[in-house]
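Numbering (the UniProt record's numbering), first residue to last: 1 to 285.
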């Protein structure tokens, strides 16, 4: 019932309205009639893309996101790539003024800290819908709209681009990696009791209220375990999560950032999460 009431009301963000198509103002007694046609304002959505050595992909992914029928802004968290990724981004910023932003860090500090940096930036700048997405086209930018609609139109607090909600939808992975990822998600579900099938997914839409409720200083993990920890935290806070089926296509350009250390962190980190949850609780603000 609450969700139906939410859907029936027009959405107005904290500071931003996506598009005001038509506004008519009539002043009684003066006879003035004004029509403002399609007044565009700042988009309500921000896509956060962490980068390290993504010169082969970064311009194409930026242009693809900006070509979508819905307006998204982009924030790149750049970890001092030696291949010149930052220079490519900066060369595009005049073309996409006030839509493309970059935050540069001193080195490769980890996926988790990159996203948390981006989350804080997004909240400070008033965005209502904040997305995680890879730079290498493993996540199809067109699916951003489906993730957005799951939150904006359907009223979910978080939406996840899921590889496993309708079977296994992965392209260009060797069978060993597919099995590792699939059974890792099953292992996480068993330990945490979450119902999310793709627990390590990195293609996500968060609503503002979800990120405002999380104590970022308590998020401990950096790699795949970061993705698990975020979903587990949101699950424990009682927010609603919708899995949206996607097709994940492994990168064709550049090098994978996957390491044995990241896999190890995810495996043991899940147990730590469950144990830690018995000692303290995140609290809704």
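For glycine and all other residues, C-beta sits at the position ideal for the given N, C-alpha and C.
Output needed for residue i: all residues of its chain with C-beta closer than 7 Å, excluding positions within five of it in sequence on either side, in chain order.
i, result
"residue 210", "157, 158, 234, 239"
"residue 55", "83, 84, 85, 88"
"residue 177", "none"
By Cβ distance, which residues of its chain are closer than 6 Å to residue i, with the 5 residues on each side in sequence left out?
i, result
"residue 76", "49, 51, 89, 102"
"residue 127", "46"
"residue 247", "169"
"residue 93", "100"
"residue 207", "151, 157"
"residue 59", "88"
"residue 173", "250"
Got a sec? Which residues, its chain only, sit under 8 Å from residue i by beta carbon, not counting five neighbours each side?
i, result
"residue 242", "150, 151, 154, 156, 158, 159, 160"
"residue 166", "245"
"residue 321", "Absent from the structure is residue 321, since the part of the chain shown begins at 1 and ends at 285."
"residue 194", "188, 231, 232, 235"
"residue 117", "77, 103, 105"
Is the beta carbon of residue i sitting closer than 8 Å to the one on residue j?
i, j, result
"residue 73", "residue 105", "no"
"residue 203", "residue 132", "yes"
"residue 129", "residue 44", "yes"
"residue 53", "residue 91", "no"
"residue 191", "residue 270", "yes"
"residue 214", "residue 137", "no"
"residue 226", "residue 119", "no"
"residue 273", "residue 232", "yes"
"residue 188", "residue 250", "no"
"residue 164", "residue 183", "no"
"residue 336", "residue 112", "As displayed, the chain neither begins before 1 nor continues past 285, which places residue 336 out of reach and without an answer."
"residue 162", "residue 198", "yes"
"residue 70", "residue 145", "yes"
Work out the CA separation of residue j and residue i for me, nearest whole Å.
i, j, result
"residue 140", "residue 147", "11 Å"
"residue 124", "residue 175", "42 Å"
"residue 205", "residue 110", "20 Å"
"residue 121", "residue 212", "12 Å"
"residue 142", "residue 63", "12 Å"
Buried or exposed for residue i, going by 16 or more other Cβ atoms inside 10 Å?
i, result
"residue 57", "buried"
"residue 185", "buried"
"residue 288", "This structure gives no information on residue 288, because the portion of the chain shown stretches from 1 to 285."
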